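So the number in the working numbering is just where the residue sits in the sequence shown, counting from 1, plus 15.
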Amino acid sequence: MHLLDNYTFDARTRYEGHKLIYTPEDGEPIALGGILGAALLCARLLNTEEQKERGIFLSEALRYDPFFVQYESEVIADDWGYIEAELEQLDLAYLDVCSNDQVSLQTICPNKRQLSIAMDVVETYMRRITIERYKAHIYELVPWTTPFAQWLYTAAHAEPRRQRFLQIDWTDPALVHELACYMERDELDPPTFVFEDEEAADIMARYWDWLWNFAQKDAAVFPDSKVVMADYKQLILKEETDWDFIKPEMKDFKPEQINLFRKWMNQWKDFVEQKIEPPVSTRKKDIRQELFLDDVLPIPPERNYVEVKKYIRERCKYDKEFEKYFKAHKRTDFCDQLTLLFDWYVDPNALGKRMNSKAKK
């Protein structure tokens, strides 16, 4: 026996052809397809022999996953089981119920607890397939592409529809119908540069990690990878901070949209320059590198001066040349060497505060 086989509850209510059909007195039959009809069928069969025979398993703790797997395997021939089709079926079901003054979901499923379970199943499933289609994060829906300005422009146009689906209450017939009409019209919302549940700084950091890893892998195939990487840095700096190419596409933007896009790009420009540009202390003069990495200690994380302090102390224990340089030179000169060593700017003031922190206490 299958999960969604036909079943007759009484003279008025039956499940047939993957639809729950209710026939009111002196009225036309009401057909509930999609996940709503299936959820009502299975909720009404809870604690019956029929439940056992059909293998109905509705576990809220498991987010109904076993049930959803069974459901989708059986409705594939109906071309259901994805967000657009299920939205259409849910909207049609709600319209059928709401258009009849004498019928409600409570009429079709008189047991309030069963109805509550069924609607929780509907809500959970619609959110599940929304995430499948529109993803949990905007950068999963819109894959990274260079330069950042292009990705931002594309993502801003995709986000409004994504937010509509993520924010809707799937148990509200009016909101579901509004969304169905919106999809039927195939409207394009104005772009938004505020992404649901995402921090701008986190998006930039994730994009940079993707870009930098790609550049490193690309450069690694060359024997002079460090030279190639140096050229890549300048290319990245040039291309990622130039967004003039996208400005003609923004001619119809509202002033507030242009301002917000500009804020993104100004912050992004600062972010890239901090990552790419050599620090001020090493740009102003030629500095000969005198300290080099070894195979013992890893490079400390950027701007983590607690770890830098540990690095210095540990290396001084076994590397006498390193210890000698550390003790014989000014902090600014020593930090210039650490900057070249770590490939990120080591601020003498920040390091000094950290090195002296214990003495102050």
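The beta carbon of each residue, even a glycine, is placed where N, CA and C say it ideally should be.
Because the structure is a prediction, the values reported are computed rather than measured.
*Taking all protein chains shown into account, decide if Gly48 is buried (16 or more other Cβ within 10 angstroms of its Cβ) or exposed.*
buried
*Is the segment 77-87 touching the segment 58-68 in the sense that three or more CB pairs, one from each, lie closer than 8 Å?*
no
*Hey, quick one: how far does the beta strand (DSSP E) through Thr28 stretch, first residue to last?*
Thr28 to Glu31
*Report, in whole angstroms, the separation of the C-beta atoms of Leu102 and Leu194, which I expect to be a contact under 8 Å.*
7 Å
*If we count the other Cβ atoms within 10 Å of its Cβ and call it buried at 16 or more, is His33 buried or exposed?*
buried
*Thinking C-beta only, is Arg177 closer than 8 Å to Ile153?*
yes
*Please report the residue range of the alpha helix (DSSP H) in which Ala220 lies.*
Ala215 to Ala234
*Can you tell me which of Val118, Arg27, Ala164 and Leu77 puts its alpha carbon nearest to the alpha carbon of Ile273?*
Ala164
_Rounded separation between Leu275 and Asp224 - CA only_ = 23 Å
*Would the segment 301-314 and the segment 189-206 be scored as touching if the rule is three or more Cβ pairs under 8 Å?*
no
_Are the CB atoms of Lys290 and Thr256 within a distance shorter than 8 Å?_
no
*asked:* Please give me, in chain order, every unbroken run of the beta strand (DSSP E) with length at least 3 that falls completely inside the segment 264-328.
replied: none
_Inter-residue spacing [alpha-carbon to alpha-carbon] between Ala220 and Lys241_ = 23 Å
_Which residue marks the beginning of the beta strand (DSSP E) containing Ala46, and which one marks its end?_
Ile45 to Leu47
*Residue range of the alpha helix (DSSP H) that includes Ile36*: Counting along the chain, Ile36 falls outside any alpha helix (DSSP H), though it belongs to the beta strand (DSSP E) covering Lys34 to Tyr37.
_Tyr340, DSSP secondary structure in three states_ = helix
*Lys325 versus Glu336, Lys335 and Leu312, residue with shortest Cα-Cα distance*: Leu312
*Among residues of its own chain, excluding the 5 on either side of Lys150, which ones have a beta-carbon nearer than 8 Å to its beta-carbon?*
Leu156 and Arg177
*Exposed or buried, what is Ala171 when buried is set at 16 or more other beta-carbons lying within 10 Å of its beta-carbon?*
buried
*Below 8 Å between beta carbons: does that hold for Glu89 and His17?*
yes
*I think Tyr97 touches Ile144, with their Cβ atoms under 8 Å apart; what is that distance to the nearest whole Å?*
6 Å
_For a minimum of 4 consecutive residues, which ranges assigned as the alpha helix (DSSP H) are wholly contained in the segment 99-142?_
120-123
*Once you ignore the five residues that flank Glu213 on each side, which residues in its own chain have a CB closer than 7 Å to its CB?*
His152 and Ile153
*Please go through the same chain and pick out, in chain order, the residues whose beta-carbon is closer than 8 Å to the beta-carbon of Leu356, but skip the five residues on each side of it.*
Gln304, Leu306, Phe307, Leu308 and Ile314
*How close, in whole Å, do the beta carbons of Tyr37 and Ile123 come, if the pair is a contact with beta carbons under 8 Å?*
5 Å
*If you count every other CB in all the chains shown that lies within 10 Å of the CB of Ala133, and 16 or more means buried, which is it?*
buried
*asked:* Our contact map puts Leu56 next to Tyr79 with C-beta atoms below 8 Å; I'd like the distance itself, whole angstroms only.
replied: Incorrect: roughly 14 Å between the Cβ atoms, too far for contact.
*Below 8 Å on the Cβ atoms is my guess for Tyr247 versus Ala230; work out the distance and round it to an integer in Å.*
5 Å
*Take the Cβ of Gln117 as the centre, count every other Cβ of all protein chains shown within 10 Å, and call the residue buried at 16 or more, exposed below.*
exposed
*Quick one: grab the DSSP three-state call for Thr256.*
coil
*Given that a residue counts as buried once 16 or more other Cβ atoms are within 10 Å of its Cβ, and exposed if not, what is Ile50?*
buried
*Who are the Cβ neighbours of Pro363 in its own chain at under 7 Å, not counting the five residues just before and after it?*
Arg346, Thr347 and Cys350
_For Ile91, count the other beta carbons within 10 Å of its own beta carbon; 16 or more makes it buried, fewer makes it exposed. Which is it?_
exposed
*Excluding the five sequence neighbours on either side, which residues of its own chain have a C-beta within less than 7 Å of the C-beta of Asp94, listed in chain order?*
Ala100
*asked:* Quick test of your reading: Val137 and Thr186, contact by CB under 8 Å. State the CB separation rounded to the nearest angstrom.
replied: 7 Å
*Given Trp279, which residues of its chain have a CB within under 8 Å of its CB, disregarding the five upstream and five downstream residues?*
Leu167, Phe208 and Ala215
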